[in-house]
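Undergrad:
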Amino acid sequence: MRLKYALLAAVAVLSPALVQAQTAPAPPKAPAKDAPTAVEGVTITSDSTAMRTSIDRRSYSVANDLSAKTGSIADALRNIPSVEVDVQGNVSLRGDANVTIMIDGKPSGMFSGDNKADALQSLPADQIDRVEVMTNPSAAYRPDGSAGIINLITKKTQKPGVNGTARLNVGPYGRYNGGVSATRREGKLTLSGDAGYRRDTQKGVQEIDRATLDKASGQFLPGRFDTDQDNRGGALTLRGGADYDLDKQNRISGEVRLRRFDFDSDLFESYTGRNALGGVSRAYTRTTDADITRDNKAISADWRRQMKGADHTLTAHLEHEITDFSRDSNALLRNSPGGDVYEALSFGQDQTRTNLKVDYSKPLPDDVKLKTGFDIEWSSNDYDNRGETGASPNALAVDPSRTNRFIYDQDVYAAYVTYERPFGDFTVQGGLRAEQVQIDTNQLTSGQKNQNDYFRLYPTLHMGYTLSQSQTLNANYSRRVQRPNAQDLNPYEIYIDPYNYRAGNPNLKPQVTDSYELGWQYRKGQAYYLATAYFRDTRDSVTDLVVDRGGGVLLTTRENLGKSRAGGLELVANGRLSPKLTYNVSGNLFWNEIDAGNLGFSGNRSGTALSGRANLNWQATPKDFFQLNAFTSGKRLTPQGYREPFKMLNLGYRRKVNDKLSLVVTAQDVLDSFEDVSVTDTPTLRDRARRSANVRSVFFGFSYAFGGGKPRPEQFDFSAGGPG
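Those letters in the sequence shown? Residues -21 to -1, 1 to 703, per mature numbering (1 follows the signal peptide of the UniProt record, and there is no 0), in order.
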C-alpha cells in the first residue's frame, strides 16, 4: 500500500506539468554574472583542473589532465580532490569505500559489486570531460553509497557539422589504447558515436605473512603466501547515439552501448606453513590459467520537454542493461604432504537491470525552484559457481564445496521532491526521498530463501550564505544508505584456496549514514580556496570479518557493526603562481572510530589519517605544456587493523603541433613507489599483506581532430550530470 501511495503522490505532483505545457519556449536566459552565489557557485577556467561548485556538488574538468589522455578512469580519478584509488582499483571518497559510480547521472552495472575496480582500471579515460563529486547529493539522486557519488560526465560536441577525434597511445609491455569519436549535427538531428580499444598487461605480486594462534600451545604459528599474477587482454567500447528535436519544445534521444572485457590470467601461488618447532607442517603450490570475460550491453531512450519559463522541464529516461561475467580456470594443486589435485572452476554472473525515471522541474515566484520525480529500478542477479576436482584431468568430479547457485532480485520504487528558496543572501534547499525496497534471495543449492522488504525516508538539506562578492558559506546534510551487494548475502562458503574461504551473510542489514558538512569558499581573481569540515554517523556498518577456522584456515565474511563515526577537514586551493604556472593542491585530515566489540577487540578503535595531492602545470610556450601531479595517503585504520601509507608521482608533456594535432607523453609512478600494504592484528590473527603491480610506465600518444564548423563557446553546464 505504501508503494501505491508513493507512486500516486508522484503522479499527482507531475500531472500539472502536462497541463501547463505551452507552445512557445522560454527566451534565452541571460548569462550569469561572474560573481559567485551560494547556489550557482563559481568557475575557474584558467586552472588545469577547473573547478565549479554548486549547492550539492563539485565538478572538476579533466580537459588538461594528461593522465586522462593516456590512462584509465582509475588514473584520472587519482588526480581528483577527495578521491583515492589504490593499487587494485578500489575507490574511496574521504576515506569511505562505499562510493556509487555513475555515468552522466545514471547508474551502470559496470560499476556495481565486485566489478567496480576492474572496470575503472580497464576503461579508458579519454572520453571523460569532467568528474562530479557529490558527498551529500540532493534527494533527486539515489541515496546509495554512504560516501556519496562520483559522476563521470562524458564529452559532448559543441560544433555543428561533422566533427571528430582520433587518438592513439602506446606504452610498455605491449600496452596500447586508441579510439575514434565522431558527431554529425544537421538540422534537428544529431548523430554521435565512439569506438575504442584498450590493450593492457598487468603483472601483480602479493606477499602475505600470516600467523594464527594455536590454542593448544598458545603460540602463533607462521605461514607465508606468495602470488605472482600475469593478466593480458583488452577492453572494447562501442557507443552510438541520436538526438532529434521534434519541435522547439521536445527532444527525443536514443543510445546503444557495448563494453567487452576479455582477459587471460596466469597465476602462480605458493604457501609454506610451520609448526611450533619451526618445521614445515604444510606446503603447496598452485598454478592456474584463467579466461575472464565481461560483456555489458545497454539501450536507452530519453524524452525532454521544455515548457514556458526558464528551467521549466519534464524529462523521462528508460534504460535496459545486461551484464554477463564469466571466469573459467584450470589449476594444478601440488600438496606436501598429499597428492596432486587438478581443479576446473567456473564462475558466471548474469545481471539484468531496467530503470524508469521521470523528473519535473518548475521555477516558481520569488526565485523558488521545485523539482520532483520518481525512479523505479528492477534488477536481477544470477550467480553460478561450479567446481570439479580430481587426481588427474580425466578423473574430475563435481566438488560440492565449490558448486552452488544463488539468485538475487532487488526492486526499488522511489519518489522525491526538492524545494529551493532564496532569502536575500541566504538560500535553502530541502528535499525528501521515499523508497520502497523489495529483496528476494534464493540459495538454490542449500535451499535457503530470504526476503527483506522495507520502506525508508531519506531527507536532505542544503543551505548557502553569501558573505561577500568573493566569499560564501554552505552547510548541508543527507541520509545515505549502503545496501549489501548480492554476493554479500550469499551464505554459501566459496573456496578461494586451501587456506581461504569466503561467505556472505543473508542477515545483513543496510548500512545507514547521516552525513553533515560545513564549508567556506573564497575566490579572488584566479585564486580559489575551499575549506570543508565533515562528519558521518553510521549505524549497522557493514565490514569484512576474518574468522580463524583453525589449522590456519580463514573464513572472510560480512557483518554489521554496532556504530562507526568519521569526520575530518578538507582544504582545496587553486591558483596561479605566475602567468605561465598554475597549481591545484588539496589535503584531507581524516578521523574514524569503529565499534570493534564484535571483531575480537574490547570497546572502540579510532585513528587519524592525512592525505594530500598536488598538481603543478607549466605552459612553457603557447605550444608546450608540462604537468606534474603527486598524491599521498597516510596510514588508515581498518576494522581489524590498518593500511600503510601509499604514494605516487606522475609527469606529463603535451606538444600542440597545430590546431588539430597534439602529441602527448606521460610517465606514471615515476618513483616506482605505488603499492598497497594492509595489516590485520587481532588476539588470534596477525596478517601482513603487500600488493604491488607494474604501474610504472611511459606512454606516447597523439590526438587528431577532424571536421569543420565554427566552434561554439565552451560551456560549463551541469545539466548533463543528472537531475540534481
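Backbone N, C-alpha and C define an ideal beta-carbon position, used for all residues, glycine too.
For MET(-21), which residues from the same chain have a beta carbon less than 7 Å from its beta carbon, with the 5 sequence-adjacent residues on both sides left out?
TA: The pLDDT assigned to MET(-21) is 45, lower than 50, so where the model puts this residue is not dependable; a value taken from the coordinates is nonetheless given after this. Excluding sequence neighbours, MET(-21) sits near nothing in its chain.
Undergrad: To which residues of the same chain is ARG283 closer than 6 Å at the C-beta, ignoring the five residues directly before and after it?
TA: Around ARG283: ARG230 and THR294.
Undergrad: Which residue spans inside the region 313 to 339 form an unbroken beta strand (DSSP E) run of at least 3?
TA: Complete beta strand (DSSP E) runs here, min 3: none at all.
Undergrad: Tell me the residue span of the beta strand (DSSP E) that contains ALA190.
TA: Unbroken beta strand (DSSP E) run through ALA190: 168 to 193.
Undergrad: By the 10 Å Cβ neighbour count, where 16 or more other Cβ atoms means buried, how is SER315 classified, buried or exposed?
TA: It counts as exposed.
Undergrad: In the region 29 to 71, which residue ranges form an unbroken beta strand (DSSP E) of at least 3 residues, counting only runs that do not cross its ends?
TA: Those beta strand (DSSP E) runs which fall completely within the region 29 to 71 and span 3+ residues are 30 to 33, 36 to 40 and 62 to 64.
Undergrad: For ILE473, I'd like the list of residues in its chain whose CB is within less than 6 Å of its CB, leaving aside the five on either flank, ordered along the chain.
TA: ARG481.
Undergrad: Counting C-beta neighbours from all protein chains within 10 Å, is the total for ARG691 16 or more, i.e. buried, or is it exposed?
TA: At ARG691, the pLDDT of 41 sits below 50, so the modelled position is not reliable and the matter cannot be decided from this model.
Undergrad: Going along the chain, which residues of its own chain have a beta-carbon closer than 6 Å to the beta-carbon of LEU246, five neighbours each way excluded?
TA: The answer, listed in chain order, is GLN208 and THR267.
Undergrad: Straight-line CA distance for ALA262 to ARG189?
TA: Computed Cα separation, rounded: 14 Å.
Undergrad: Measure from the alpha carbon of ASP281 to the alpha carbon of each residue in ASN309, GLU298 and PHE90, then state which is nearest.
TA: For the residues ASN309, GLU298 and PHE90, the minimum Cα distance to ASP281 belongs to GLU298.
Undergrad: Under 8 Å: do the region 112 to 125 and the region 455 to 472 share three or more Cβ pairs, one atom per stretch?
TA: Contact between the region 112 to 125 and the region 455 to 472 is present, because at least three Cβ pairs lie under 8 Å.
Undergrad: Pairs of beta-carbons, one from the region 420 to 434 and one from the region 397 to 405, closer than 8 Å: are there three or more?
TA: Touching, no.
Undergrad: Assuming contact is defined by CB atoms lying nearer than 9 Å, are VAL656 and GLU623 in contact in what I supplied?
TA: Yes, Cβ-Cβ distance for VAL656 and GLU623 is below 9 Å.
Undergrad: Would you mind listing the beta strand (DSSP E) stretches within the region 606 to 673 that are 3+ residues and don't spill past its ends, in chain order?
TA: If we require 3 residues or more, the beta strand (DSSP E) runs fully inside the region 606 to 673 come out as 615 to 617, 620 to 622, 625 to 635, 640 to 647, 654 to 660 and 664 to 672.
Undergrad: Take ASP54 as the anchor and find which of LEU630, GLY613 and LEU664 has the nearest alpha-carbon.
TA: Among LEU630, GLY613 and LEU664, the Cα nearest to that of ASP54 belongs to LEU630.
Undergrad: Helix or strand or just coil, what does DSSP make of ASP105?
TA: Three-state result, ASP105: coil.
Undergrad: With H, G and I counted as helix, E and B as strand and the rest as coil, what does DSSP make of PRO558?
TA: Here PRO558 sits in coil by DSSP.
Undergrad: Check whether the region 409 to 418 touches the region 357 to 376, counting contact only when three or more Cβ pairs, one atom from each stretch, lie closer than 8 Å.
TA: Flag = no, the region 409 to 418 and the region 357 to 376 do not touch.
Undergrad: Over what stretch of residues does the beta strand (DSSP E) that includes PRO438 continue unbroken?
TA: 427 to 445 is the extent of the beta strand (DSSP E) around PRO438.
Undergrad: For MET113, which three-state DSSP category applies?
TA: Residue state, collapsed to three classes: strand.
Undergrad: Check whether the region 356 to 365 and the region 385 to 392 are in contact - that is, three or more C-beta pairs closer than 8 Å.
TA: Verdict: yes, contact present.
Undergrad: Could you compute how far the alpha carbon of GLY88 sits from the alpha carbon of GLY586?
TA: For GLY88 and GLY586, the distance between alpha carbons rounds to 34 Å.
Undergrad: Residue range of the beta strand (DSSP E) that GLY233 falls in?
TA: Taken as a continuous stretch (DSSP letters only), the beta strand (DSSP E) holding GLY233 covers 229 to 253.
Undergrad: If the criterion is Cβ atoms closer than 9 Å, does the pair LEU650 and LEU628 meet it?
TA: Yes.
Undergrad: Exposed or buried, GLN430, counting other C-beta atoms within 10 Å across all chains shown (16 or more means buried)?
TA: It is exposed - the Cβ of GLN430 has fewer than 16 other Cβ atoms within 10 Å.
Undergrad: Specify the secondary structure class of LEU534 as computed by DSSP and reduced to three states.
TA: Three-state result, LEU534: strand.
Undergrad: Mind checking ALA(-16): buried by the 16 CB within 10 Å criterion, or exposed?
TA: Caution is warranted here: a pLDDT of 43 is assigned to ALA(-16), below 50, making its placement in the model unreliable, and the coordinate value is therefore given only provisionally. It counts as buried.
Undergrad: Cα-Cα, which of VAL643, PRO344, THR661 and ALA42 is closest to SER581?
TA: Of the listed residues, the one whose Cα sits closest to SER581 is THR661.
Undergrad: For PHE685, which residues in the same chain have their Cβ closer than 6 Å to its Cβ, ignoring the five residues on either side in sequence?
TA: Here the set comprises GLY143.
Undergrad: Name the DSSP beta bridge partners of LEU99, please?
TA: Beta-bridge pairing links LEU99 to no other residue.
Undergrad: With DSSP run on the structure shown, which of helix, strand or coil describes LEU468?
TA: Helix at LEU468.
Undergrad: Three or more C-beta pairs under 8 Å: does that hold for the region 499 to 507 against the region 142 to 162?
TA: These segments do not touch.
Undergrad: Excluding sequence positions up to five away, which residues of its chain have a Cβ less than 6 Å from the Cβ of ILE355?
TA: Once the five neighbours on either side are set aside, the close Cβ partners of ILE355 are LEU335 and TYR392.
Undergrad: Would you kindly work out how many angstroms separate the C-alpha atoms of ASP519 and LYS614, rounded to a whole number?
TA: Looking at the two C-alpha atoms, the distance is approximately 25 Å.
Undergrad: Would you grab the beta carbon distance between GLY352 and TYR398 for me? Rounded to a whole angstrom, and I think it's under 8 Å.
TA: About 13 Å separates the two Cβ atoms, so there is no contact after all.
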